[in-house]
Structures are given as structure tokens and as C-alpha cells.
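Q: First the structure, which I've put down as C-alpha cells, then a few questions once you've had a look.
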Amino acid sequence: MFKKLVAVEPLNLIPSAEKALFDYAEEVVMYDDMPGSVDEMAKRIGDADAVLISYTSRLGKDALEQCPNVKYIGMCCSLYTPESANVDILYANSRGITVLGVRDYGDEGVVEYVISELVRCLHGFGTKNDGTPREPWDGIPREITGIKVGIVGLGVSGGMIADALKFLGAEISYFARSEKEAAKQKGYKFLPLKQLVKESEVIVNCLNRNTVLLHEEEFEAMGNRKIMFNTGLSPAWDEEPFAKWIDEDNVLYCDTLIALGNEKFINHPHVNYMGVSVGRTRQAFDRLSEKVLANIETYKKSVKG
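Residue numbers (the working numbering): 641 to 945.
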């Protein structure tokens with residue numbers, strides 16, 4: 641059992657999971673807002689030996705070095721690589737601190753979002769940012785059938801989006817670190833990034849946080865009259881070439897400011913900004929809660945062992 645467990649910000653856990661946290665520590669402190677600075681983060685952690693954090697704040701070396709008692713950090717959010725994490729995992733590990741995160745808890749909502757918005761775009765459902773009626777992408781309503789979709793990053797969510805769009809008749813190509821045999825068996829084409837963005841009418845970025853693959857050369861290869869989605873927790877592009885590209889005959893769909901990168905684009909006529917995380921569903925909170933508690937159990941067993 642931990643001596644003191646601190647949730648440094650809202651965790652998005654279901655009530656029964658929050659209640660269960662009290663079974664793992666002599667003292668539990670839960671904050672309902674985000675820390676506003678490094679010093680505030682360190683102050684909240686204080687003498688705690690366990691910390692829980694979501695995706696909205698960063699826990700770096702500068703705060704951790706002020707908290708000598710920390711032994712466990714539970715990330716109540718996705719953890720794929722140390723480089724893309726909002727916790728300084730390398731420094732934490734150098735201190736002997738165990739850091740555990742979760743994966744694949746909010747992907748279903750992201751898949752539904754991509755399908756929903758692509759259908760609205762192709763058919764002309766709904767209204768634009770300025771309230772005027774949306775016109776069908778091609779001037780006449782169109783199905784997903786036959787549309788060329790390029791997936792940038794074929795991880796779990798990218799793979800789920802590809803499968804869903806293929807079911808609806810799309811032609812799927814993808815770019816990843818290497819060709820994937822399972823994707824090949826499904827008929828998905830592995831293409832170099834520049835070729836993929838050039839040949840695809842719809843481009844769906846499914847990248848880890850802080851992974852930027854779309855630079856000036858990629859936007860030049862991409863050209864115009866494209867539909868782009870960004871489903872990650874940071875922009876998949878360099879801002880300057882993106883700003884030029886979005887001013888042309890292109891559209892972008894993203895859910896949060898974290899994904900958009902700069903609030904100046906929120907009201908851009910070619911940007912469709914939701915202002916809410918599409919992965920934050922009732923089912924996602926259930927899956928997240930289960931995995932956060934399972935990670936604590938895993939840590940407990942490792943310490944006993």
C-alpha cells in the first residue's frame with residue numbers, strides 16, 4: 641500500500657474507480673483542476689510516493705526532482721513511447737520510479753468521429769463554421785465507396801480507422817515505419833509518405849504525440865483539394881507550410897486544440913474544429929478506469945515479488 645497517492649489533475653475515471661484508489665493508499669488527494677506551473681505540480685505531489693496524471697499536464701524532471709519520495713507514476717492516458725509521453729520517463733526511470741500508462745481505451749470514439757465527419761463532408765450535411773449550409777465536397781452527394789484514403793501511422797487506431805473505411809468501400813493506403821504483413825493481407829498498400837499524400841484524397845494522421853511528419857516537402861507533394869484528419873494529441877505538421885496549405889482548397893478535421901496546435905486556426909473557414917475530445921466516451925472511461933487500476937495491481941505484485 642502507498643503511503644500517499646496524489647492525483648495531480650482530473651483523471652477521467654469513473655466514480656467506482658476513484659473510490660477504489662482509497663484501497664491502495666493510506667492517504668489519497670485528488671485535485672479537480674490542472675496545476676498552473678512546475679512549482680504548483682511539485683507542491684501538489686509533495687511527499688507522495690504515488691502520482692496519477694492524465695494527458696493534459698506535463699510532469700517533467702524539473703518537478704520530479706523536487707519530490708524525492710515518488711516511487712510510482714500512473715499515467716491515466718496513452719503511453720506509447722518515452723519521447724511522446726507527457727511524463728519524463730527516462731528521468732523517472734533513472735530515479736528508480738516505475739511509470740505505467742495505458743493503451744487503446746478511446747480508439748472506438750475516434751473511428752466513429754472520422755466516419756461521421758467524412759460522411760458529412762462528402763454529402764454536405766450540416767453547416768460550416770460561419771453557420772452557412774455545407775455543400776457536398778464534389779458538388780453532388782458522394783459515398784465513401786471508392787475514395788482513396790491514406791493512413792499516416794498504422795497503429796491500433798489507424799488500423800481500426802482503415803478497417804472501418806475499407807468496410808465502407810474505401811481504397812486504403814498507409815505509411816508506417818515498415819510494411820505490415822497483416823495490412824498487406826487485407827489489401828492495404830504500403831507507400832512512401834510523399835507518394836501517399838499525393839495519391840490520397842483523404843489523409844488521416846494517427847501519430848503519437850510530438851511526432852511531426854508533414855513538412856514543406858510533404859505539403860508540396862500533397863497538393864490541393866484534399867481532406868485531412870488529425871487524430872493525435874499534437875499537430876502532425878510544421879505550422880508554416882500547414883498555414884499555407886489550409887488557405888487553399890483543402891479542409892482539416894480535428895477534435896481538440898491540442899491536435900490543432902494553434903488557436904488562430906479555430907475559426908478558419910477550412911478548419912472543422914470540435915472543441916471536445918472525441919475519444920472521451922462512456923465506454924472509454926470504463927476501459928481507462930479498468931486499466932489504471934490494473935496497472936496499480938501490476939506494480940503492487942512487482943514490489944512484493
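Where is the CB? At the ideal position from N, CA and C, for every residue including glycine. None of the values given here were measured: they were computed from a predicted structure.
For a test of the three-state rule: what should DSSP assign to residue 731, helix, strand or coil?
A: Taking the sequence shown and counting its residues from 1, the one referred to as residue 731 is at position 91. Three-state result, residue 731: helix.
Q: Helix, strand or coil for residue 925, going by three-state DSSP, please let me know.
A: If you number the sequence shown from 1, residue 925 lands on position 285. Note: residue 925 maps to helix in three-state DSSP.
Q: Closest to residue 783 by CA distance: which of 934, 807, 817 is it?
A: Position 143 of the sequence shown, counted from the first residue, corresponds to residue 783. Measuring from the Cα of residue 783, the nearest candidate turns out to be 807.
Q: Does DSSP put residue 784 in a helix, in a strand, or in coil?
A: Mapped onto the sequence shown, residue 784 falls at position 144. Residue 784 falls in the coil class under three-state DSSP.
Q: Does residue 796 pass the burial test, meaning 16 or more other C-beta atoms within 10 Å, or should it be called exposed?
A: On the sequence shown, residue 796 is found 156 positions in, with the first residue counted as 1. Under this definition residue 796 is an exposed residue.
Q: Quick check: the Cα distance between residue 791 and residue 665, rounded to an integer number of angstroms?
A: The residue labelled residue 791 in the question sits at position 151 within the sequence shown. The residue labelled residue 665 in the question sits at position 25 within the sequence shown. Each residue's Cα considered, the two are about 43 Å apart.
Q: Quick one, which of 676, 643, 751, 774 has its alpha-carbon nearest residue 799's?
A: Sequence index remark: in the sequence shown, residue 799 carries index 159 (1-based). Ranking the options by Cα distance to residue 799, first place goes to 751.
Q: Restricting to Cα atoms, I'd like to know which of 883, 801, 849, 942 is closest to residue 903.
A: As a first step, residue 903 must be located in the sequence shown, where it is residue number 263. Minimum Cα distance to residue 903 is reached at 883.
Q: Do residue 875 and residue 915 have their C-beta atoms closer together than 8 Å?
A: Looking up residue 875 in the sequence shown gives position 235. Looking up residue 915 in the sequence shown gives position 275. No.
Q: Give the secondary structure of residue 750 by DSSP, where H, G and I count as helix, E and B as strand, and everything else as coil.
A: Here the question's residue 750 lines up with position 110 in the sequence shown. Helix, per DSSP.
Q: What are the start and end residues of each continuous alpha helix (DSSP H) run of 4 or more residues lying completely inside the stretch 847-913, in chain order?
A: Correct list: 856-862, 879-886, 897-900.
Q: In the DSSP assignment, find the alpha helix (DSSP H) that holds residue 662 and state where it starts and stops.
A: Taking the first residue of the sequence shown as position 1, residue 662 is located at position 22. Looking at the DSSP string, residue 662 is not in any alpha helix (DSSP H), and its letter there is neither H nor E.
Q: Return the chain-ordered list of same chain residues with a C-beta closer than 8 Å to the C-beta of residue 775, the five sequence neighbours on each side being excluded.
A: Position 135 of the sequence shown, counted from the start, is the residue given in the question as residue 775. Hits under 8 Å: 764.
Q: Can you confirm whether the stretch 643-660 touches the stretch 924-937 when touching is taken to mean that 3 or more C-beta pairs between the two stretches lie within less than 8 Å?
A: Result yes; three or more Cβ-Cβ pairs closer than 8 Å.
Q: Quick one: what's got a C-beta closer than 7 Å to residue 745's C-beta in the same chain, skipping five residues either side?
A: The residue labelled residue 745 in the question sits at position 105 within the sequence shown. For residue 745, where only same-chain residues beyond five positions count, the Cβ hits under 7 Å are 924, 927, 928, 931.
Q: Can you tell me the Cα-Cα spacing of residue 827 and residue 820, whole angstroms?
A: Along the sequence shown, one-based indexing puts residue 827 at 187. Along the sequence shown, one-based indexing puts residue 820 at 180. The straight-line gap from Cα to Cα measures roughly 11 Å.
Q: Give every residue of the same chain whose Cβ lies closer than 6 Å to the Cβ of residue 712, excluding the five residues on either side of it in the sequence, and list them in chain order.
A: The residue you call residue 712 lines up with position 72 of the sequence shown. The answer, listed in chain order, is 690, 738, 939.
Q: At what residues does the beta strand (DSSP E) containing residue 690 begin and finish?
A: Indexing the sequence shown from 1 puts residue 690 at position 50. First-last of the beta strand (DSSP E) with residue 690: 690-693.
Q: Let me check one thing: in DSSP terms, what residues is residue 814 bridge-paired to?
A: Working through the sequence shown from its first residue, we reach residue 814 at position 174. DSSP output for residue 814 lists 791, 830 as bridge partner(s).
Q: Going by CA-CA distance only, name the one from 724, 684, 781 that's closest to residue 644.
A: Residue mapping note: residue 644 aligns to position 4 of the sequence shown, counting from 1. Among 724, 684, 781, the Cα nearest to that of residue 644 belongs to 684.
Q: By the three-class DSSP mapping on this structure, what secondary structure does residue 712 have?
A: Residue mapping note: residue 712 aligns to position 72 of the sequence shown, counting from 1. The answer is strand: DSSP assigns residue 712 an E or B state.
Q: In whole angstroms, what is the alpha-carbon distance linking residue 890 and residue 867?
A: If you number the sequence shown from 1, residue 890 lands on position 250. If you number the sequence shown from 1, residue 867 lands on position 227. Roughly 6 Å separates the two Cα atoms.
Q: Rounded to a whole number of angstroms, what is the C-alpha to C-alpha distance between residue 698 and residue 934?
A: To locate residue 698, count along the sequence shown from 1; it is residue 58. To locate residue 934, count along the sequence shown from 1; it is residue 294. Cα to Cα, the separation comes out at about 23 Å.
Q: For residue 831, I'd like the list of residues in its chain whose CB is within less than 8 Å of its CB, leaving aside the five on either flank, ordered along the chain.
A: Start at 1 with the first residue of the sequence shown, and residue 831 comes out as number 191. Within the same chain, residue 831 has close Cβ partners 790, 813, 814, 815, 839.
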